[in-house]
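Protein chains: 2
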Amino acid sequence: MIMRMSSLFVRTLREDPADAEVPSHRLLVRAGYIRRAAPGIYTWLPLGLKVLRKIEQIIREEMDAIGAQELSFPALLPREPYEATNRWTEYGDGIFRLKDRKGNDYLLGPTHEEMFTLVVKDLYSSYKDLPLSIYQIQTKYRDEARPRAGLLRGREFVMKDSYSFDVDDAGLDASYQAHRNAYIRIFDKLGFEYVIVKAEAGAMGGSKSEEFLAKAEVGEDTYVRCTRCDYAANVEAVDTTPAAPTAYDDAPAAHAEETPDTPTIDTLVDHLNEKFPRDDRPWHAADTLKNVVFSLKHPDGTTEALAIGLPGDRDVDAKRLESKLGEGVVFEPFGDADFASRPSLAKGYIGPGALGEKKPAEVRYLLDPRVGEGSAWVTGADVAGSHVLDLVAGRDFSGDGVIDVAEVRDGDPCPACGDTDGGILESARGIEMGHIFQLGRKYADALDLKVLDENGKLVTVTMGSYGIGPSRAVAAIAEGTLDEIGLCWPREVAPADVHLVAAGKDEEVFAAADRIATELSAQGIDVLYDDRTGKVSPGVKFKDAELIGVPTIVVVGKSLGTDGTVEVKDRATGEREQVAADSVVDHVVGLVRA
Amino acid sequence: MIMRMSSLFVRTLREDPADAEVPSHRLLVRAGYIRRAAPGIYTWLPLGLKVLRKIEQIIREEMDAIGAQELSFPALLPREPYEATNRWTEYGDGIFRLKDRKGNDYLLGPTHEEMFTLVVKDLYSSYKDLPLSIYQIQTKYRDEARPRAGLLRGREFVMKDSYSFDVDDAGLDASYQAHRNAYIRIFDKLGFEYVIVKAEAGAMGGSKSEEFLAKAEVGEDTYVRCTRCDYAANVEAVDTTPAAPTAYDDAPAAHAEETPDTPTIDTLVDHLNEKFPRDDRPWHAADTLKNVVFSLKHPDGTTEALAIGLPGDRDVDAKRLESKLGEGVVFEPFGDADFASRPSLAKGYIGPGALGEKKPAEVRYLLDPRVGEGSAWVTGADVAGSHVLDLVAGRDFSGDGVIDVAEVRDGDPCPACGDTDGGILESARGIEMGHIFQLGRKYADALDLKVLDENGKLVTVTMGSYGIGPSRAVAAIAEGTLDEIGLCWPREVAPADVHLVAAGKDEEVFAAADRIATELSAQGIDVLYDDRTGKVSPGVKFKDAELIGVPTIVVVGKSLGTDGTVEVKDRATGEREQVAADSVVDHVVGLVRA
Chain A
761 MIMRMSSLFV
771 RTLREDPADA
781 EVPSHRLLVR
791 AGYIRRAAPG
801 IYTWLPLGLK
811 VLRKIEQIIR
821 EEMDAIGAQE
831 LSFPALLPRE
841 PYEATNRWTE
851 YGDGIFRLKD
861 RKGNDYLLGP
871 THEEMFTLVV
881 KDLYSSYKDL
891 PLSIYQIQTK
901 YRDEARPRAG
911 LLRGREFVMK
921 DSYSFDVDDA
931 GLDASYQAHR
941 NAYIRIFDKL
951 GFEYVIVKAE
961 AGAMGGSKSE
971 EFLAKAEVGE
981 DTYVRCTRCD
991 YAANVEAVDT
1001 TPAAPTAYDD
1011 APAAHAEETP
1021 DTPTIDTLVD
1031 HLNEKFPRDD
1041 RPWHAADTLK
1051 NVVFSLKHPD
1061 GTTEALAIGL
1071 PGDRDVDAKR
1081 LESKLGEGVV
1091 FEPFGDADFA
1101 SRPSLAKGYI
1111 GPGALGEKKP
1121 AEVRYLLDPR
1131 VGEGSAWVTG
1141 ADVAGSHVLD
1151 LVAGRDFSGD
1161 GVIDVAEVRD
1171 GDPCPACGDT
1181 DGGILESARG
1191 IEMGHIFQLG
1201 RKYADALDLK
1211 VLDENGKLVT
1221 VTMGSYGIGP
1231 SRAVAAIAEG
1241 TLDEIGLCWP
1251 REVAPADVHL
1261 VAAGKDEEVF
1271 AAADRIATEL
1281 SAQGIDVLYD
1291 DRTGKVSPGV
1301 KFKDAELIGV
1311 PTIVVVGKSL
1321 GTDGTVEVKD
1331 RATGEREQVA
1341 ADSVVDHVVG
1351 LVRA
Chain B
761 MIMRMSSLFV
771 RTLREDPADA
781 EVPSHRLLVR
791 AGYIRRAAPG
801 IYTWLPLGLK
811 VLRKIEQIIR
821 EEMDAIGAQE
831 LSFPALLPRE
841 PYEATNRWTE
851 YGDGIFRLKD
861 RKGNDYLLGP
871 THEEMFTLVV
881 KDLYSSYKDL
891 PLSIYQIQTK
901 YRDEARPRAG
911 LLRGREFVMK
921 DSYSFDVDDA
931 GLDASYQAHR
941 NAYIRIFDKL
951 GFEYVIVKAE
961 AGAMGGSKSE
971 EFLAKAEVGE
981 DTYVRCTRCD
991 YAANVEAVDT
1001 TPAAPTAYDD
1011 APAAHAEETP
1021 DTPTIDTLVD
1031 HLNEKFPRDD
1041 RPWHAADTLK
1051 NVVFSLKHPD
1061 GTTEALAIGL
1071 PGDRDVDAKR
1081 LESKLGEGVV
1091 FEPFGDADFA
1101 SRPSLAKGYI
1111 GPGALGEKKP
1121 AEVRYLLDPR
1131 VGEGSAWVTG
1141 ADVAGSHVLD
1151 LVAGRDFSGD
1161 GVIDVAEVRD
1171 GDPCPACGDT
1181 DGGILESARG
1191 IEMGHIFQLG
1201 RKYADALDLK
1211 VLDENGKLVT
1221 VTMGSYGIGP
1231 SRAVAAIAEG
1241 TLDEIGLCWP
1251 REVAPADVHL
1261 VAAGKDEEVF
1271 AAADRIATEL
1281 SAQGIDVLYD
1291 DRTGKVSPGV
1301 KFKDAELIGV
1311 PTIVVVGKSL
1321 GTDGTVEVKD
1331 RATGEREQVA
1341 ADSVVDHVVG
1351 LVRA
């Protein structure tokens, strides 16, 4: 196929678009791949559509290879199934809702768990029908609060979503593994650096969950990786190793002390070091037990207060807390009105004495896993201006349970090898490209998807969910491969195989370039041929070729007349070589098929 | 490729779905191609998706062949461009509107004229950039009042829409002709009977317009064709040949007569024949001039009364009137309140004496083209119980203009050859499959799409619009090819090339069928292989094969053991032949590639 720049529907821009925040967005607009139609909503121009379709096709082939079957759901969906799973409400402002002319409620599908579940319920009824994996590549909608970075977080975007259906957990494990392997093949083909991180699955009602992240500084997802082993996890999914119990037989008894004007950890630590200095080492924020109280609102409308006790040198990580609390639970720190309604909580001096379901404040109290049995703490005495020292966990206080939501920090021990090999965590940023997880029976339960098992008994089906965003992948691949002069596509997803430039005004140049384009095309090579004449200078053509980022650039120019050669340039490395015009077709075919 | 019935995500139904109105809808659901998700909104199961994708690909190839370039617009669109063309209002209840979390207005695109116009305005600026044809294959939305007949009139559907952009009318004619030829190739390939009919373009602001209709009894579109020449037109587009002027020098003077209790044409004709019998022939409804008054509401909110004078044997055709009035004009016959507000209109006895912009009732008055100069009529005398006879057009009355909205009837003279060859019209029904028309400068004017011409002067671009509905085509092709036992796909769009049935329980049967499936697939033939074992009888498999409608059915059964043959059946003709199992692969390859 030959695309001629003289007629291709594209215009490159020399200036960055005003609204573009990240390099991939700037270059995709400047190089004429996409245009913004509305915030977070984009038009795919011909070059962009080619890249998108190539990515979709790579995904489709790997899905087909594991026996997944393609179908296609509508984007405009009725309210009822989402009502059954409570997501009509849980999504809050995050989805687009609308009414039809009869006043019936619809939404634009943000994800299709309900529809997949219902179609299997409609068609299948026996264990003999399973396992089943079905998928679609389809347009989805989310009313993001802050659409950003072009295609990286859009409001209309393309998703490949697949679901597996099995009768038992072993089946789900096998389906999950098949998808995981397919995803690895897909991401390897897409040609950018990625990492598979452990993700938090709890909130979605499932068990196992992993994300495929493209390594990228502009990514919205922070993940941590071990400096020593191959552990990597989404921040939400890092499981802090619980502190080992320590003996406390000889520990001094707890004692309350006056600590006036110490409502913050900093002021408390200063006060301790001044008034209660320790022999062996100074007091540190990590010696204090901070108790943070949140007001929770559950999806069913009920409210609750939750206190979290954690070392004073750490804050609660809102994302980790959100993922532990589950979808649809809204939380915010206690405000003045909340404190006023629970007078037994002394703001700034809250301690375990008031916390716990059976204690005066009647607040559920969960402890960070670092608060191990036998550990001693300085914490609030539930009276303004007073703290308790030498308060020992398991002896003097306990919580109603454990919650692992403290911030994860560079240097924290690796949950996998920290104990044995001393590995520590470091954080990095990535773009979530794929997410696979074991949904389990949440949706099958809600929508009553059951099949008859071997004994004629109805059993609930267990599901897996597997998503990749092809439109986001366009931006992520661009982001991961671009350089200072333009886009720089991996061969597998490039909009063309070769960018052929006729550089000059001589008829011979155009005649030779025409011949090369025709011969390459005849061999199945996709050629983007800059055949523009008139005022378009070779310099403009070179700059456009670098900006557009096709992996191989062939320049037919002056050297054709002098020594019968043309230049073949590798866009990524910048390496150039002169190749005889007569053999350049074979040469390029060799490069493309390598 | 081999699709195995044992694992294919499909279930055939023996019973018709309750909500299916037309045969194609019944069979597409029963054969497991589609499922309803909501009224007018469908899920594509794997078999259905394959047919849809094949149709899309046939269209794509022909679009590419005429140099049209594919891009893709969002479905979720901002209000502003549709406001600029007034369509945000004009669409009334016909589109889905919604607000985002910030309260901004959006719609789900019913058609993308505005977006196409704006993207060309964004990228192009010179006559040198034109001509340009761009297209997309994309999901569209219309909030139909009565979604019906499955995919034939859906609320979410797939469209290929292309637009051409030219600097002048000659360019538009060439682009139009290129698309027309491409459409003919597409419809020929899709393998169903169609007719190209003249369509009314006026309301859309353009000039030339044709529709491609699939011939189908279940179609919603009535068109007429000449029994003699190749004239065919949408009912809206039939241009009645105006009556030739006749001499009226010797015509008797008009005279009012008492005609008590004759408010209808029937009662009037009876009265005339009784009280005023003619020598040469009896009075007929066609001798009377009926004046029908409508109340109009324009898109800008203004209202108007419109009277239409037409022969009493014909009614006003609402669709023809709608198309002449233009998009967004709402009309209804005068009601009691309307009559009360215009006392000079004598209901049942309205005549030209009261009608016309300068006459007492101040009602715009348009006449049917059959009301030729010199023709004499019996019509209302504007007094209850009284009519005027021998009222001569051009002598005694005239209208404010002509409007051609009377119903078209079988037997009407053909506008093309009625005068010369005596051709007459007959009506038929069809499904609108494609629509091509010359939009002209309507959208370019509204959205200010101009380019510099050769002389450096800004000129407004002229546009053509060309649409095909691939999802509707699935149903239309099914409708046009099905028979009493099931679907019956043309080879080009069938979900597989061959339906291979292993009929029996012998291992040899399955071994032979396995081999045939593998060898066919190796040759690039798509095989739907019924490899089901267990309780699925050969009879069930045959019925499923007939229902699913793949063009060639190969049955490996008893004859394999007796004489080493298998049966090859043509689904459409029912013809069967026994072919040696050893040579059936070559035989089938020959059929598929024929």
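In order, the protein sequences belong to chains A and B.
The numbering used here runs 760 ahead of the 1-based position in the first sequence.
The numbering used here runs 760 ahead of the 1-based position in the second sequence.
Just so it is clear, CB atoms sit at the ideal spot from N, CA and C, and this is done for glycine as well.
As the structure is a computational prediction, the values presented were derived from the model and not from experiment.
Cβ pair residue i, residue j closer than 8 Å
{"i": "phenylalanine 1364 of chain A", "j": "isoleucine 894 of chain A", "result": "With chain A represented from 761 up to 1354, any question about residue 1364 of chain A goes unanswered, as that position is not in the structure."}
{"i": "glycine 869 of chain A", "j": "lysine 920 of chain A", "result": "no"}
{"i": "isoleucine 818 of chain A", "j": "glutamate 1252 of chain A", "result": "yes"}
{"i": "glycine 1224 of chain B", "j": "leucine 1199 of chain B", "result": "yes"}
{"i": "proline 1230 of chain A", "j": "valine 1310 of chain A", "result": "no"}
{"i": "alanine 974 of chain A", "j": "glutamate 953 of chain A", "result": "yes"}
{"i": "arginine 795 of chain B", "j": "leucine 805 of chain B", "result": "yes"}
{"i": "glutamate 874 of chain B", "j": "threonine 845 of chain B", "result": "yes"}
{"i": "valine 955 of chain A", "j": "valine 1076 of chain A", "result": "no"}
{"i": "isoleucine 1313 of chain B", "j": "arginine 1331 of chain B", "result": "yes"}
{"i": "aspartate 1096 of chain A", "j": "serine 1055 of chain A", "result": "no"}
Rounded separation between residue i and residue j - CA only
{"i": "aspartate 981 of chain A", "j": "leucine 912 of chain A", "result": "11 Å"}
{"i": "leucine 788 of chain A", "j": "valine 811 of chain A", "result": "11 Å"}
{"i": "tyrosine 1109 of chain B", "j": "aspartate 903 of chain B", "result": "41 Å"}
{"i": "lysine 1035 of chain A", "j": "leucine 1028 of chain A", "result": "10 Å"}
{"i": "alanine 1236 of chain B", "j": "proline 907 of chain A", "result": "40 Å"}
{"i": "glutamate 996 of chain A", "j": "aspartate 1170 of chain A", "result": "15 Å"}
{"i": "leucine 807 of chain B", "j": "threonine 772 of chain A", "result": "41 Å"}
{"i": "proline 891 of chain B", "j": "tyrosine 936 of chain B", "result": "11 Å"}
{"i": "lysine 1107 of chain A", "j": "alanine 1141 of chain A", "result": "11 Å"}
{"i": "valine 1315 of chain A", "j": "leucine 1260 of chain A", "result": "6 Å"}
{"i": "glycine 1111 of chain B", "j": "lysine 1084 of chain B", "result": "23 Å"}
{"i": "glutamate 1239 of chain B", "j": "lysine 814 of chain B", "result": "17 Å"}
{"i": "lysine 1301 of chain A", "j": "threonine 1222 of chain A", "result": "56 Å"}
Exposure label - residue i; buried when at least 16 CB within 10 Å
{"i": "glycine 1015 of chain B", "result": "First, the residue type needs correcting, since residue 1015 of chain B is histidine and not glycine in the sequence shown. Result: exposed."}
{"i": "glutamate 1337 of chain A", "result": "exposed"}
{"i": "leucine 858 of chain A", "result": "buried"}
{"i": "serine 1343 of chain B", "result": "exposed"}
{"i": "methionine 761 of chain A", "result": "exposed"}
{"i": "proline 1037 of chain A", "result": "exposed"}
{"i": "serine 1101 of chain A", "result": "exposed"}
{"i": "proline 1042 of chain A", "result": "exposed"}
Beta-carbon proximity list for residue i, same chain, < 6 Å, skipping 5 on both sides
{"i": "tyrosine 1226 of chain B", "result": "Ser922, His939, Ile1196"}
{"i": "alanine 1046 of chain A", "result": "Pro1071, Asp1073"}
{"i": "alanine 942 of chain B", "result": "Glu822, Ile826"}
{"i": "tyrosine 1125 of chain A", "result": "Ala1067, Leu1115, Gly1116, Gly1159, Asp1160"}
{"i": "threonine 1001 of chain B", "result": "Pro1175"}
Sequence-distant residues of the same chain with beta carbon closer than 7 Å to residue i, five excluded per side
{"i": "histidine 1031 of chain A", "result": "Thr1019, Thr1022"}
Spatial neighbours of residue i in its chain, beta-carbon cut-off 8 Å, leaving aside the 5 residues before and after
{"i": "serine 1319 of chain A", "result": "Thr1325, Val1326, Glu1327, Gln1338"}
Original post:
What runs of the beta strand (DSSP E), each 3 residues or longer, lie entirely inside the region 1133 to 1214 of chain B?
Top reply: Within the region 1133 to 1214 of chain B, the complete beta strand (DSSP E) segments of 3 residues or longer fall at 1136 to 1143, 1146 to 1152, 1185 to 1200, 1210 to 1212, listed in chain order.
Original post:
Which runs of the beta strand (DSSP E), 3 residues or longer, sit entirely within the region 1231 to 1317 of chain B?
Top reply: 1258 to 1262, 1287 to 1290, 1312 to 1316, all fully within the region 1231 to 1317 of chain B.
Subject >> Ordered list of alpha helix (DSSP H) runs contained in the region 813 to 850 of chain B, each at least 4 residues >> reply: Qualifying alpha helix (DSSP H) stretches, in chain order: 839 to 844, 847 to 850.
Subject >> Inside the region 887 to 937 of chain A only - beta strand (DSSP E) runs reaching at least 3 residues >> reply: Fully contained in the region 887 to 937 of chain A are the following beta strand (DSSP E) runs of length 3 or more, in chain order: 892 to 901, 916 to 926.
Subject >> Ordered list of beta strand (DSSP E) runs contained in the region 987 to 1013 of chain A, each at least 3 residues >> reply: The region 987 to 1013 of chain A contains these whole beta strand (DSSP E) runs: 992 to 994.
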